[in-house]
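The block underneath contains the structure these notes are about, expressed in structure tokens.
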Amino acid sequence: MKTFCGRANPTTGSMEWTEEDENYDYHQEIARSRYADMLHDKDRNVKYYQGIRAAVSRVKERGEKAIVLDIGTGTGLLSMMAASAGADFCYAIEVFKPMANAAVKIVEKNGFCDKIKVINKHSTEVTVGPDGDMQCRANILVTELFDTELIGEGALPTYEHAHKYLVQEGCEAVPHRATVYVQLVESKRMWSWNKLFPVHVEAEDGEKIIVSPSEMENCPGVPSVCDIQLNQMPSSDFTILSNVMTMFSVDFSKPVRSASTCYRVQLEPVKSGKAQIVLSWWDIDMDPSGMINCTMAPYWVKSTSAFQWRDHWMQCVYFLPNEEPVLQGEKVYLTACRDEYSVWYKLQKARGEEEDKADVRVESPVCRCQAHLLWNRPRFGELNDQNRTCQYIKSLTKVLKTDSVCLCISDGSLLPVLAHYLGAKQVHPSKIDLYHPDEFFKANHLEDKIKIIEFFFELLTSSLLEDKKISVLVGEPFFTTSLLPWHNLYFWYARTAMTSHLTSNVTVLPQSASLHMMIVEFQDLWRIRSPCGTCEGFDVQTMDDMIKNSLNFRESKEAEPHPLWEYPCKSLSDPQLVLTFDFRETVPQHCLSTEGSVNLLRKGKSHGAVLWMEYHLAADISVSTGLMQVSNEKGNCEWNPHCKQAVYFFSSVIESETLSDLPSAVTYAINFNTKTGEIAMDFKL
């Protein structure tokens with residue numbers, strides 16, 4: 001059986017389904033999973049172990065046998081904790097077959113075969129009875145079904161079913177309860193991930209302002225949570241408007257209801273401002289008394305001494321449907337609504353005690369403007385980055401003439417409007433260029449000034465261009481299908497396909513691009529790819545081997561995209577230019593290859609290489625999708641916050657304590673396949 005997988009094709013700018021080996025899909029699932037991250041999460045593991053020991057003790061004190069149900073067992077870790085804590089028997093449920101197979105091996109290796117039964121089913125399909133998967137109902141329910149939003153992985157319906165069919169009434173539960181916390185803030189930076197701000201353009205005939213259509217201005221956006229490492233958000237980027245409030249709790253030891261519901265709290269703002277964002281996180285109590293607590297609270301809420309880095313559970317950013325002015329001391333109501341899998345918020349002014357409670361329910365937000373469906377949050381941030389926009393304005397000013405015929409190639413870009421305001425005679429955005437161009441041009445009174453061309457570049461005809469040749473070809477470039485930095489080289493392929501429609505002295509902006517690389521030591525991100533060996537005394541080497549095999553499933557290892565502003569690292573080398581791409585020329589037939597070495601200048605652990613693109617718009621004007629600057633002697637890096645950078649993790653880590661024992665260099669071989677648009681790379685320490 002073959003598996004079809006979606007992969008970005010940089011030569012066509014689209015997602016394409018490729019036929020892969022039947023094992024490819026699950027290898028990707030394992031390779032890109034967060035199992036290693038969870039096994040490295042010392043705080044989580046210790047607290048679970050403490051909670052499980054306490055629950056087994058409570059059951060034993062009642063003179064009962066301790067029968068454990070572990071839903072979503074993964075490696076079998078929590079079941080092994082229960083067995084070693086004295087549980088009489090554990091049923092470990094795991095729906096993902098390769099994972100269930102690994103759990104069987106791990107349980108066997110640790111000597112718990114007689115105490116743990118791994119069941120490869122969804123928990124809702126598990127049967128109870130003499131001939132069933134479980135002999136009897138369990139009296140201890142252990143689960144780890146949570147994501148950053150708490151309920152996004154279906155924890156509520158899973159608990160609801162378990163209480164009805166799989167566990168005894170009054171069972172013990174680890175965790176015992178979860179509590180969701182909220183805090184109201186104002187943040188221009190975070191709000192810029194959800195709304196398009198006006199763009200100011202200094203043109204020859206005075207200042208122009210690009211505005212978004214009213215339907216976009218008033219659009220509530222999409223209900224999907226924005227989960228980030230809030231601990232990397234400096235306090236200067238937001239203003240706290242309320243104290244931390246408890247929004248709702250779920251007691252997992254009692255029957256759980258997954259049906260949609262709402263919760264409401266009254267807030268008294270501690271400061272006046274514009275309420276735009278609800279920051280949210282949760283904690284779990286592993287025991288009824290709340291003495292064993294595991295929290296996701298950010299740095300300004302809890303002391304950093306208790307700080308545990310983790311990537312499988314982060315913090316949530318929710319955008320209110322509209323910004324609401326609030327006054328210090330003037331009470332407001334915050335309503336949280338949830339369905340089985342997601343949460344959303346609304347803020348309302350307090351209107352006295354007689355307020356009708358029927359007003360509480362808030363419908364799930366639906367994007368009406370389409371922009372939130374086309375642009376992700378970082379893309380909104382990028383379009384709102386005035387410094388970046390200024391670089392494009394400066395470059396366009398240099399190259400545009402009054403008789404310029406300009407074509408823009410980028411997804412959801414403001415370049416066509418900028419080009420028009422800066423004096424181009426004719427501007428043609430491609431059909432993919434704006435999310436809803438008619439509305440956008442109307443809002444800026446440009447509907448009769450800019451002509452949209454609906455075409456694929458290889459099918460472009462002279463008649464579509466009114467028999468004129470393109471004298472200025474522009475792109476950011478940005479395409480929604482791009483996953484890795486070099487996928488935006490689709491611009492080069494589109495430019496090549498259109499050669500016959502370009503003037504002989506065409507200006508291409510950007511005129512070229514370059515691929516850059518740097519060797520880094522990560523503060524924490526290394527954990528997601530690092531072998532664990534043993535976890536709380538249990539041998540999980542089988543899991544390490546499984547992840548390693550999956551990462552090496554393809555002949556050549558691949559780089560993976562990560563937003564490095566969320567993951568601090570220090571540079572161990574200078575940034576190095578490795579490949580250049582000249583957009584003034586067409587894509588060559590032959591591959592572009594380079595080999596070389598990069599010198600290590602600082603001591604540290606060489607965890608991997610970071611790669612990014614820089615676009616050279618015009619003479620002396622460039623924009624970087626990666627490194628913005630190395631900020632001090634220690635090598636701390638500042639990254640473009642709107643883009644994901646490519647990270648290639650080395651399979652072995654070289655640790656250099658002193659400069660004298662540094663391997664003097666890391667050698668690399670990088671190959672850009674012009675037929676596929678993909679980059680293969682290899683590094684040797």
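According to UniProt numbering, the stretch in the sequence shown is residues 1 to 685, in order. From the three backbone atoms N, C-alpha and C, an ideal C-beta is built for every residue, glycine too. Every value quoted in this text rests on a predicted model; they were computed, and no experiment measured them.
task: Let me know the secondary structure DSSP gives K570 once reduced to three states.
output: strand
- request: Give the range of the alpha helix (DSSP H) segment to which I215 is assigned.
  value: What sits at residue 215 in the sequence shown is Glu, not Ile. Note, E215: alpha helix (DSSP H), 214–217.
field: Cβ-Cβ distance between D544 and P531 below 7 Å
entry: yes
query: Under 7 Å between the Cβ atoms of H176 and P269?
result: Against a cut-off of 7 Å, the Cβ pair of P269 and H176 comes out as no contact.
Sub-7 Å separation of C637 and C569 beta-carbons: yes
task: Verify whether the separation of the beta carbon atoms of G608 and F650 is less than 7 Å.
output: yes
message: On the DSSP letters alone, give me the boundaries of the alpha helix (DSSP H) that G381 sits inside.
response: 377–383
query: Measuring CA to CA, which of K60, E536, D147 is closest to R310?
result: D147
- request: Can you grab the Cα-Cα spacing for the pair I71 / V225, in whole Å?
  value: I71 and V225 have their C-alpha atoms some 25 Å from each other.
message: Using only the alpha-carbon positions, how far apart do A424 and K331 sit?
response: 52 Å
- prompt: Expressed to the nearest angstrom, what Euclidean distance is found between the alpha-carbon atoms of P365 and T335?
  reply: 13 Å
Separation of K346 from V250, as counted between CA atoms: 21 Å
- prompt: Considering K557, what are the terminal residues of the beta strand (DSSP E) in which it resides?
  reply: Taken as a continuous stretch (DSSP letters only), K557 belongs to no beta strand (DSSP E), as it is neither H nor E.
- request: Please name the residue or residues paired with R177 in a DSSP beta bridge.
  value: D251, D285
message: With a threshold of 7 Å on Cβ separation, who are the neighbours of S137 within its own chain once the five nearest residues in sequence on each side are excluded?
response: The sequence shown places Arg at residue 137, rather than the Ser named in the question. Within the same chain, R137 has close Cβ partners V128, L166, V167, Q168.
- prompt: Beta carbon of T507, beta carbon of V623: below 7 Å?
  reply: no
- prompt: For R368, which residues from the same chain have a beta carbon less than 7 Å from its beta carbon, with the 5 sequence-adjacent residues on both sides left out?
  reply: E215, C219
message: Using the three-state DSSP reduction, which class does V399 fall into: helix, strand or coil?
response: helix
query: Roughly how many whole angstroms lie between the Cα atoms of A587 and A494?
result: Note on residue identity: the sequence assigns Val, not Ala, to residue 587. Their backbone Cα atoms lie some 10 Å apart in a straight line.
message: Quick check: V182 and S260, are their CB atoms within less than 7 Å of each other?
response: no
message: Assess contact between the region 413–428 and the region 230–244, defined as three or more Cβ pairs (one per stretch) separated by less than 8 Å. Is contact present?
response: no
query: Is the number of C-beta pairs between the region 436–446 and the region 461–476 that are closer than 8 Å three or more?
result: Contact fails: fewer than three Cβ-Cβ distances are below 8 Å.
- request: Could you tell me the distance, in whole angstroms, from the CA atom of V222 to the CA atom of V520?
  value: 36 Å
Same chain, Cβ closer than 6 Å to Q328, five either side skipped, listed in chain order: Result list for Q328: P269, K271, S272, in chain order.
query: Counting pairs of Cβ atoms below 8 Å between the region 484–499 and the region 588–606, do you hit three or more?
result: no
query: Would you call the CB atoms of W612 and Q645 closer than 7 Å?
result: yes
task: Determine the DSSP secondary structure at G221, reduced to helix, strand or coil.
output: Coil.
query: Should E16 go down as buried or exposed, given a rule of 16 or more other Cβ atoms within 10 Å for buried?
result: exposed
- prompt: Using the rule of at least 16 other Cβ atoms within 10 Å of the residue's Cβ for burial, across every protein chain shown, is T580 buried or exposed?
  reply: exposed
S482 to N488 span [Cα, whole Å]: 6 Å
- prompt: Quick one: complete beta strand (DSSP E) runs, 3+ long, within the region 494–522?
  reply: 502–509, 512–522
message: To the nearest angstrom, how far is the alpha carbon of T402 from that of I409?
response: 20 Å
query: Ends of the alpha helix (DSSP H) at M134?
result: Careful: M134 lies outside any alpha helix (DSSP H) and carries neither H nor E.
Extent of the continuous alpha helix (DSSP H) to which P321 belongs: P321 -> not in any alpha helix (DSSP H); beta strand (DSSP E) instead, spanning 315–326.
query: Does the beta-carbon distance from K469 to T499 come in below 7 Å?
result: no
task: Over the uninterrupted alpha helix (DSSP H) stretch that includes E160, give me the two end residues.
output: 155–165
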